[in-house]
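Adding 72 to a residue's 1-based position in the sequence shown gives its number in my numbering.
Virtual Cβ for every residue (Gly too), placed ideally from N, Cα, C.
What follows is a set of notes on a single structure, which appears directly below.
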Amino acid sequence: MTTINTEALLTEEVVVAKNKKRRPKRDPLTRGVKVKETKTDRVFIAAAYVLLTVFLLVVLLPLLNILASSVSSPQAVSAGRVLFWPVDFTLRGYEEALGNPAILRGFGNSIFYTVVGTLISVLGTVAVAYPLSRTQLFGRKVITGGVVFTMLFSGGVIPMYLVVQSLGLLDTRWSMLLPNAIGVWQVIIAIVYFRSAVPDEVYEAAQLDGASELRILWTIVVPLAKPLLAVIALMYAIMQWNSYFDALLYLRNADLQPLQLVLRGLLILNDSGGGGDVAEQLRRRELADLMRYSTVVIATIPMLVAYPFVAKYFNKGIMVGAVKG
Numbered sequence: 073m074t075t076i077n078t079e080a081l082l083t084e085e086v087v088v089a090k091n092k093k094r095r096p097k098r099d100p101l102t103r104g105v106k107v108k109e110t111k112t113d114r115v116f117i118a119a120a121y122v123l124l125t126v127f128l129l130v131v132l133l134p135l136l137n138i139l140a141s142s143v144s145s146p147q148a149v150s151a152g153r154v155l156f157w158p159v160d161f162t163l164r165g166y167e168e169a170l171g172n173p174a175i176l177r178g179f180g181n182s183i184f185y186t187v188v189g190t191l192i193s194v195l196g197t198v199a200v201a202y203p204l205s206r207t208q209l210f211g212r213k214v215i216t217g218g219v220v221f222t223m224l225f226s227g228g229v230i231p232m233y234l235v236v237q238s239l240g241l242l243d244t245r246w247s248m249l250l251p252n253a254i255g256v257w258q259v260i261i262a263i264v265y266f267r268s269a270v271p272d273e274v275y276e277a278a279q280l281d282g283a284s285e286l287r288i289l290w291t292i293v294v295p296l297a298k299p300l301l302a303v304i305a306l307m308y309a310i311m312q313w314n315s316y317f318d319a320l321l322y323l324r325n326a327d328l329q330p331l332q333l334v335l336r337g338l339l340i341l342n343d344s345g346g347g348g349d350v351a352e353q354l355r356r357r358e359l360a361d362l363m364r365y366s367t368v369v370i371a372t373i374p375m376l377v378a379y380p381f382v383a384k385y386f387n388k389g390i391m392v393g394a395v396k397g
């Protein structure tokens with residue numbers, strides 16, 4: 073029969089507790105090294121904090137005002153009594169907005185354009201960037217120069233409209249997906265990332281094993297480029313979600329218009345209507361004011377929800393792709 077040495081167990085628990093309280097060891101290379109901040113450094117850091125605080129307030133305060141107005145009573149919103157805190161809390165604005173068929177239809181169209189457009193854009197960017205990242209490609213520098221040229225000089229709005237019209241894309245969903253599918257800036261980031269993340273020795277080893285270029289791209293390059301793909305996918309998703317000008321140019325059918333164009337109608341057009349007495353017109357105007365704030369919040373939520381899932385890749389992807397290897 074085994075016996076339990078309680079004294080030894082207590083001693084061991086005390087040692088474990090002391091180790092938990094012990095501070096972690098510092099790096100031997102930096103142990104005892106204290107960086108002394110100069111007066112210029114302190115002034116610079118203080119100025120940076122002040123500037124960032126001002127920038128934060130400039131961005132945050134309007135958002136708080138919109139959020140507070142979206143859950144306040146229509147009378148308080150129309151009277152301008154809402155600042156950064158709800159007045160007479162109510163969810164009527166969201167109920168009216170979510171019960172509006174035009175808003176729901178625009179919301180569904182925006183989700184479709186964002187998901188499908190992002191997929192097309194990421195695939196197109198990888199398809200363009202991967203060959204241009206390989207030094208064996210004949211005429212690589214000339215093709216890259218041509219790609220960069222389109223970023224510096226473009227034909228403008230009217231030539232682009234004529235091209236879309238000649239291709240028969242007007243008033244179709246493709247007019248929102250194809251004209252701006254590939255961004256030159258994202259292509260440049262992807263080229264630099266592919267060169268720096270995948271050494272030439274890996275390509276040579278894969279080619280010696282008989283792997284084709286498509287297999288190298290799919291089994292080696294793409295798995296190593298997950299941070300980059302997350303970053304450019306977020307860029308394209310935000311661009312597609314906020315796409316407004318393209319829809320204004322190319323879409324006339326209300327069933328195809330995205331949420332941003334529907335929101336524009338709520339923000340600009342007079343929704344008060346012409347019939348009814350004065351009290352009814354005033355009630356409609358107050359409700360329209362409340363719906364504008366609620367719709368802005370609804371249009372912002374998807375991107376705020378998506379960002380935390382790719383935030384961990386953002387710094388790594390954008391910095392590695394921004395530094396020439």
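What residue range does the alpha helix (DSSP H) around residue i cover?
i: D113; result: K111 to S142
i: G180; result: P173 to S205
i: W246; result: W246 to L249
i: V256; result: V256 to A269
i: A279; result: According to the sequence as given, residue 279 is Gln; it is not Ala. From DSSP, the alpha helix (DSSP H) with Q279 extends over D272 to L280.
i: G240; result: Here G240 belongs to no alpha helix (DSSP H), and DSSP marks it neither H nor E.
i: V293; result: Note, V293: premise wrong, no alpha helix (DSSP H); not H, not E.
i: G218; result: R212 to L224
Applying the 10 Å Cβ sphere with the 16-neighbour rule, what's the burial state of residue i?
i: L239; result: exposed
i: G178; result: buried
i: L320; result: exposed
i: L133; result: exposed
i: Q237; result: exposed
i: D171; result: Note that residue 171 corresponds to Gly in the displayed sequence, not to Asp. The residue in question, G171, is exposed, as its Cβ has fewer than 16 Cβ neighbours within 10 Å.
i: R324; result: exposed
i: L362; result: buried
i: V377; result: exposed
i: T197; result: buried
i: V200; result: buried
i: T186; result: buried
i: P231; result: exposed
i: I263; result: buried
i: A277; result: exposed
i: P380; result: exposed
i: P62; result: Missing from the structure shown is residue 62; the chain here goes from 73 to 397 and no further.
i: P299; result: buried
i: A302; result: buried
Please report how far the alpha carbon of residue i lies from the alpha carbon of residue j, in whole angstroms.
i: T216; j: Q312; result: 25 Å
i: L333; j: F317; result: 9 Å
i: A148; j: G180; result: 31 Å
i: P295; j: L289; result: 9 Å
i: K111; j: F127; result: 24 Å
i: R364; j: I183; result: 20 Å
i: A297; j: A120; result: 33 Å
i: F210; j: G227; result: 28 Å
i: F266; j: T291; result: 14 Å
i: A383; j: V220; result: 28 Å
i: E352; j: I138; result: 25 Å
i: I261; j: M223; result: 13 Å
i: R287; j: F161; result: 57 Å
i: T190; j: I310; result: 9 Å
i: Q258; j: L204; result: 13 Å
i: Q329; j: F156; result: 32 Å
i: R357; j: R206; result: 60 Å
i: Q208; j: V122; result: 50 Å
Give the DSSP-derived three-state secondary structure of residue i in the structure shown.
i: P380; result: helix
i: D160; result: coil
i: P146; result: helix
i: S284; result: coil
i: P330; result: coil
i: S315; result: coil
i: S344; result: With a pLDDT of 49 at S344, under the threshold of 50, the modelled position of this residue cannot be trusted; read the value that follows with caution. S344: coil per DSSP, three-state reduction.
i: K108; result: coil
i: G165; result: helix
i: G337; result: helix
i: R324; result: coil
i: R153; result: coil
i: A371; result: helix
With a threshold of 7 Å (Cβ to nearest heavy atom), would residue i be considered close to the ligand HEM?
i: E273; result: Summarising the ligand content, the structure contains no ligands, and the ligand HEM is consequently not present.
Just checking: is the beta-carbon of residue i within a distance shorter than 8 Å of some beta-carbon in chain B?
i: I261; result: Reference to chain B is not applicable here, since this structure consists of a single protein chain.
Inset, instruction - Specify whether the segment 276 to 283 and the segment 161 to 175 touch according to this definition: at least 3 beta carbon pairs, one from each stretch, less than 8 Å apart. - result: no
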